[in-house]
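**Q** Counting with the working numbering, you get residues 7 to 285 for the letters of the sequence shown.
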Amino acid sequence: MKNVKRMLLIGVLATASIIGSGCGKSDTSTGSTANSETTAKESKVEETTKKAAQKNKFEYPIILGTIGGMDLMADREFPKAGYFPAGGIILGFEENKGELASGFYERECTDKRAAEETWHVEYSEDLEKIPNSMKGLKTLWDDFVSDGRMYKMHSGQQYEVIVDNTEKVNYNGVDFIKEEGRIDITRKDPSDTNYPELVRGKYIAYYYFSPEGAGAYPADDLNGYGMGMAIWGVRPVDMSDEAEAKTMEENYEKLKKSTKASMETLISLDDYWKLTSQK
7 MKNVKRMLLI GVLATASIIG SGCGKSDTST GSTANSETTA KESKVEETTK
57 KAAQKNKFEY PIILGTIGGM DLMADREFPK AGYFPAGGII LGFEENKGEL
107 ASGFYERECT DKRAAEETWH VEYSEDLEKI PNSMKGLKTL WDDFVSDGRM
157 YKMHSGQQYE VIVDNTEKVN YNGVDFIKEE GRIDITRKDP SDTNYPELVR
207 GKYIAYYYFS PEGAGAYPAD DLNGYGMGMA IWGVRPVDMS DEAEAKTMEE
257 NYEKLKKSTK ASMETLISLD DYWKLTSQK
């Protein structure tokens, strides 16, 4: 991507943009909130043997840069009615269009020029370094807590990204770093009771490297290449509300299953284009 644009523009073209592109486009402004990361657990490799190419149709086909495509709605347990597009991000329950979204999905690819000149983060082809660099895309992460369709973080609040677990996994011959973590929103001033003491959302991210020219066709580079991230999350909730907190945790467990189901459908772009061209 040579130009990085605002993610959350809602319009008629949003659906086509999301289904047809492999990476989201984000704002380039600088966020003021900080990310922090706990020490990750020892990585392990998860080999998958399921063959997504056996499916004759994807319900919601999406592309991950140049490495392939998958079915976002392989498992409908969460969200119950599948994801719906809302600009560069995909949000929550289909039946909740007039309400707060229950969860989100986003993907992003960042090439060397965008990483260094726009985001001012280290660019690397080393998979182990990509998660840290992608967390430097501050305004992308900001949207997970400041988009009013999920949660609206105010100026008196701040957030941090806390990593709970990482592991190395492999789908369809492609290595990923899988990361599970929390997005905690707290008061800037602990004594300011205008805001909840702790608002928490949870996420699951898969980081990968998407090589330039690795797609089925030269035009596949238009879907994005470079450092990549596919990320799912559940809506942040006030943790002092026991019912809300319980529902969030339950949804997160469902999300783990649905993200794994989607990742297991990953196929090459060559197979993806053949599959999605079928009538």
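Cβ coordinates follow ideal geometry from the N, Cα and C atoms, glycine included.
Starting from the C-beta of L193, find all residues in its chain whose C-beta is less than 7 Å away, skip the five residues before and the five after it, and write them out in chain order.
**A** Counted from its first residue, the sequence shown places residue 193 at position 187. The residue asked about is misnamed: residue 193 is Arg in this sequence, not Leu. The residues are G162, Q163, Y201, E203.
**Q** Quick check on the DSSP output: the beta strand (DSSP E) that includes L204 runs from which residue to which?
**A** For this step, residue 204 is matched to residue 198 along the sequence shown. Unbroken beta strand (DSSP E) run through L204: 204–216.
**Q** Can you tell me the Cα-Cα spacing of F215 and A225, whole angstroms?
**A** Against the sequence shown, residue 215 aligns to sequence position 209. Against the sequence shown, residue 225 aligns to sequence position 219. Cα-Cα distance, rounded: 18 Å.
**Q** According to DSSP, is I73 part of a helix, a strand, or is it coil?
**A** The residue you call residue 73 lines up with position 67 of the sequence shown. Three-state result, I73: coil.
**Q** Below 6 Å CB to CB, which residues in the same chain sit around K208 once its five sequence neighbours on both sides are set aside?
**A** Counted from its first residue, the sequence shown places residue 208 at position 202. Excluding sequence neighbours, K208 sits near R188, V240, Y258.
**Q** If G232 sits next to A121, beta carbons under 8 Å apart, how far is it from one beta carbon to the other, in whole angstroms?
**A** On the sequence shown, residue 232 is found 226 positions in, with the first residue counted as 1. On the sequence shown, residue 121 is found 115 positions in, with the first residue counted as 1. At roughly 7 Å, the Cβ-Cβ gap stays under 8 Å, so G232 and A121 are in contact.
**Q** So what does DSSP say about Y278, is it helix, strand or coil?
**A** Taking the first residue of the sequence shown as 1, we reach residue 278 at position 272. In the structure shown, Y278 sits in a helix (DSSP, three-state: H, G or I).
**Q** Secondary structure at T253, three-state DSSP: helix, strand or coil?
**A** The residue you call residue 253 lines up with position 247 of the sequence shown. Helix at T253.
**Q** For A92, name the three-state secondary structure that DSSP assigns.
**A** Translated into the one-based positions of the sequence shown, residue 92 becomes position 86. If DSSP states are grouped into helix, strand and coil, A92 belongs with the strands.
**Q** To the nearest angstrom, how far is it from the Cα of K174 to the Cα of G74?
**A** Here the question's residue 174 lines up with position 168 in the sequence shown. Here the question's residue 74 lines up with position 68 in the sequence shown. Looking at the two C-alpha atoms, the distance is approximately 18 Å.
**Q** Which of the three DSSP states is assigned to M233 in this structure?
**A** The residue given as residue 233 occupies position 227 in the sequence shown. DSSP places M233 in strand when its eight states are reduced to three.
**Q** Name the two residues that bound the continuous beta strand (DSSP E) containing I191.
**A** To locate residue 191, count along the sequence shown from 1; it is residue 185. First-last of the beta strand (DSSP E) with I191: 180–193.
**Q** If you count every other CB in all the chains shown that lies within 10 Å of the CB of R113, and 16 or more means buried, which is it?
**A** Position 107 of the sequence shown, counted from the first residue, corresponds to residue 113. Buried.
**Q** In terms of alpha-carbon separation, which member of F84, S246, G154 lies closest to E105?
**A** As a position in the sequence shown, residue 105 is number 99, starting the count at 1. Checked all of F84, S246, G154; the closest Cα to E105 is G154.
**Q** Threshold first: 4 residues or longer. Then list the alpha helix (DSSP H) segments lying entirely within the stretch 130–171, N to C.
**A** Entirely contained in the stretch 130–171, the alpha helix (DSSP H) runs reaching 4 residues are, in chain order, 136–140, 144–152.
**Q** Identify whether S283 lies in helix, strand or coil by the three-state DSSP scheme.
**A** In the sequence shown, the residue the question calls residue 283 occupies position 277. Correct three-state label for S283: coil.
**Q** Considering only DSSP beta bridges, list what T116 is partnered with.
**A** By one-based count along the sequence shown, residue 116 stands at place 110. T116 pairs with M233.
**Q** When the Cα atoms are used, what is the spatial distance from P85 to V169?
**A** Along the sequence shown, read from residue 1 onward, the residue named residue 85 stands at position 79. Along the sequence shown, read from residue 1 onward, the residue named residue 169 stands at position 163. If you take the alpha carbons of P85 and V169, they lie about 23 Å apart.
**Q** Applying the criterion that 16 or more other CB atoms from any shown protein chain within 10 Å of the CB defines a buried residue, is T172 buried or exposed?
**A** Within the sequence shown, residue 172 is the residue found at index 166, counting from 1. The residue in question, T172, is buried, as its Cβ has 16 or more Cβ neighbours within 10 Å.
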